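Undergrad:
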Amino acid sequence: MFVKVTQYAGFASIFPLGFIMMSLWPFSAKPQDFSQPNSSWSPEMLRLYEHYNALCEAENEKGEEKRETWRKLPSYNRTIKYATGGVHLSKLVQAKARLFTRCIEEEGAAFEYVAFLNKVEKTCVCVFQAGHLLEGAPGHLHGGAIATMIDTVTGTLAGYLSGPVMTAYLNTNYRSPVPLGSVLLIHSVLDRIEGKKIFVNCKVTSSDESKLHTEATALFVSINMGPLFGTQS
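Anchor point for the sequence shown: position 182 equals 182 in the UniProt record's numbering, and the numbering is continuous, going up by one each time.
1. Evaluate E112 with the Cβ neighbour count: other Cβ atoms within 10 Å of its Cβ, from every protein chain shown; 16 or more gives buried, anything less gives exposed.
2. How about V221 and A168: do their beta carbons lie closer than 9 angstroms?
3. DSSP three-state label for Y76, please.
4. What's the C-alpha gap between Y174 and H142?
5. Given A130, which residues of its chain have a CB within under 6 angstroms of its CB, disregarding the five upstream and five downstream residues?
6. For the alpha helix (DSSP H) that contains H47, what are its first and last residues?
7. Would you tell me roughly how many angstroms separate the C-alpha atoms of T172 and I104, rounded to the nearest one?
8. Would you check if the distance between the CB atom of S40 and the CB atom of G108 is smaller than 9 angstroms?
9. Who are the near neighbours of L157 in its chain, counting only those whose CB is closer than 8 angstroms to its CB and skipping five residues on each side?
10. Exposed or buried, S35, counting other C-beta atoms within 10 Å across all chains shown (16 or more means buried)?
11. In the DSSP output, which residue or residues are listed as bridge partners for C103?
12. Rounded to whole angstroms, how far is the Cβ of V153 from the Cβ of A115, which I believe are closer than 8 angstroms?
13. S162 to C126, Cα distance in whole Å?
14. Does DSSP put S206 in a helix, in a strand, or in coil?
15. Within 10 Å of its beta-carbon, does S75 have 16 or more other beta-carbons around it, so buried, or fewer, so exposed?
16. In chain order, what are the residue ranges of uninterrupted beta strand (DSSP E) at least 3 long that sit wholly in the UniProt domain "Thioesterase" (139 to 210)?
17. Which whole-angstrom value is the C-beta distance of R78 and R98, which I expect to be below 8 angstroms?
18. According to DSSP, V125 sits in a beta bridge with which residue or residues?
19. Mind checking T69: buried by the 16 CB within 10 Å criterion, or exposed?
20. Please classify L73 as buried or exposed, where buried requires at least 16 neighbouring CB atoms within 10 angstroms.
21. On the DSSP bridge assignment, give the partners of T214 in chain order.
22. Using the Cα positions of residue 286 and T217, report the straight-line distance between them to the nearest angstrom.
23. Assuming S176 and L134 are in contact, meaning their beta carbons sit under 8 angstroms apart, how far apart are those beta carbons, in whole angstroms?
Here you go:
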């Protein structure tokens with residue numbers, strides 16, 4: 001199966017303009033979406049998933065489905081292996097390579113998350129449940145794990161808006177510690193675009209948004225991935 005698609009930090013993003021024809025799933029005809037609910041999800045995680053998922057699809061007066069401004073983003077555990085023209089990328093993408101946030105097989109042990117994107121408001125919301133393997137201070141989430149999720153969500157938004165990007169900087173301010181097992185909301189919103197520079201703001205809150213845990217600003221730079229995949233620039 002070949003589609004016009006690229007992938008950022010665990011989320012697949014489809015762009016309206018032609019990019020690179022890639023095989024998204026080199027090992028299976030039926031890729032596993034790791035952002036689907038599983039038995040490790042807490043009731044609060046499920047509640048928020050159902051809330052945002054309900055915004056993605058709606059019925060009009062005739063009962064026909066229509067696409068709303070929100071969309072759920074699928075999440076896979078690795079990137080591409082082949083590019084158009086039979087260019088094999090095994091030297092660049094190792095067979096055992098996995099995306100960092102999807103490399104733990106045990107459900108609920110590390111990063112459990114699902115993201116929803118609003119193309120009109122240019123925002124991305126992620127529901128994140130912190131597993132026991134992400135400990136920093138005793139009983140609390142590691143700051144690096146928080147930064148990883150911020151980079152994941154802000155990068156996904158930047159990539160959706162501008163195509164392939166790389167992180168230039170991530171400025172993170174930690175406001176309050178996060179107990180392991182907590183369910184968090186990660187809100188990212190576009191600040192501005194200046195040429196190839198995409199500026200994104202982000203905040204991490206408790207699931208009811210009553211407590212601010214982390215604030216961040218990020219800068220991403222648009223890149224041309226054509227030469228990397230052996231295609232024309």
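Note that CB positions come from ideal geometry on N, CA and C, so glycine has one too.
On a predicted model such as this, the values are computed, not experimentally measured, just so you know.
TA: The structure says:
1. The count along the sequence shown starts at 1 and reaches residue 112 at position 112. Flag for E112 reads buried.
2. Within the sequence shown, numbered from 1, the residue matching residue 221 stands at position 221. Within the sequence shown, numbered from 1, the residue matching residue 168 stands at position 168. Taking a C-beta distance under 9 angstroms as the contact criterion, V221 and A168 qualify as a contact pair.
3. Locating residue 76 in the sequence shown gives position 76, counting from the first residue. Reduced to three states, the DSSP call for Y76 is coil.
4. Taking the sequence shown and counting its residues from 1, the one referred to as residue 174 is at position 174. Taking the sequence shown and counting its residues from 1, the one referred to as residue 142 is at position 142. Cα to Cα, Y174 sits roughly 11 angstroms from H142.
5. Locating residue 130 in the sequence shown gives position 130, counting from the first residue. Apart from sequence neighbours up to five positions away, the residues of its chain that approach A130 with a beta-carbon distance below 6 angstroms are L141, L180, S182, ordered along the chain.
6. In the sequence shown, counting from the first residue as 1, residue 47 sits at position 47. Reading the sequence as shown, one finds Arg at residue 47 and not His. It spans 43 to 56 - the alpha helix (DSSP H) in which R47 sits, taken as one unbroken run.
7. Along the sequence shown, read from residue 1 onward, the residue named residue 172 stands at position 172. Along the sequence shown, read from residue 1 onward, the residue named residue 104 stands at position 104. Cα to Cα, the separation comes out at about 25 angstroms.
8. The residue labelled residue 40 in the question sits at position 40 within the sequence shown. The residue labelled residue 108 in the question sits at position 108 within the sequence shown. Taking 9 angstroms as the Cβ cut-off, S40 and G108 qualify as a contacting pair.
9. Taking the sequence shown and counting its residues from 1, the one referred to as residue 157 is at position 157. So the list reads L117, K122, T123, C124, S188, V189, L190, V200, once near-sequence residues are dropped.
10. Stepping through the sequence shown from its first residue, residue 35 is reached at position 35. Classification of S35: buried, given that the 10 Å Cβ count is 16 or more.
11. To locate residue 103, count along the sequence shown from 1; it is residue 103. The partner list for C103 (beta bridge, DSSP) is empty, contrary to what the question assumes.
12. Position 153 of the sequence shown holds residue 153. Position 115 of the sequence shown holds residue 115. Right, their Cβ atoms sit about 6 angstroms apart.
13. For the purposes of this step, residue 162 is taken as the residue at position 162 of the sequence shown. For the purposes of this step, residue 126 is taken as the residue at position 126 of the sequence shown. Approximately 19 angstroms, taken between the alpha carbons.
14. To locate residue 206, count along the sequence shown from 1; it is residue 206. In this structure, S206 counts as strand in the three-state DSSP scheme.
15. Counting from 1 along the sequence shown, the entry for residue 75 is found at position 75. Classification for S75: buried.
16. Runs of the beta strand (DSSP E) inside the UniProt domain "Thioesterase" (139 to 210): 165 to 174, 183 to 194, 197 to 206.
17. Stepping through the sequence shown from its first residue, residue 78 is reached at position 78. Stepping through the sequence shown from its first residue, residue 98 is reached at position 98. The C-beta separation of R78 from R98 comes to about 5 angstroms, placing the pair in contact by the 8 angstroms criterion.
18. For the purposes of this step, residue 125 is taken as the residue at position 125 of the sequence shown. In DSSP, V125 forms a bridge with F116, H187.
19. Within the sequence shown, residue 69 is the residue found at index 69, counting from 1. The residue in question, T69, is exposed, as its Cβ has fewer than 16 Cβ neighbours within 10 Å.
20. On the sequence shown, position 73 is the one that residue 73 refers to. Buried: at least 16 other Cβ atoms inside 10 Å.
21. In the sequence shown, residue 214 corresponds to position 214, counting from 1. T214 is bridged to Y174, V204.
22. Any property of residue 286 remains undetermined from this structure, which presents the chain solely from 1 to 233.
23. On the sequence shown, residue 176 is found 176 positions in, with the first residue counted as 1. On the sequence shown, residue 134 is found 134 positions in, with the first residue counted as 1. The Cβ separation is near 16 angstroms, so there is no contact.
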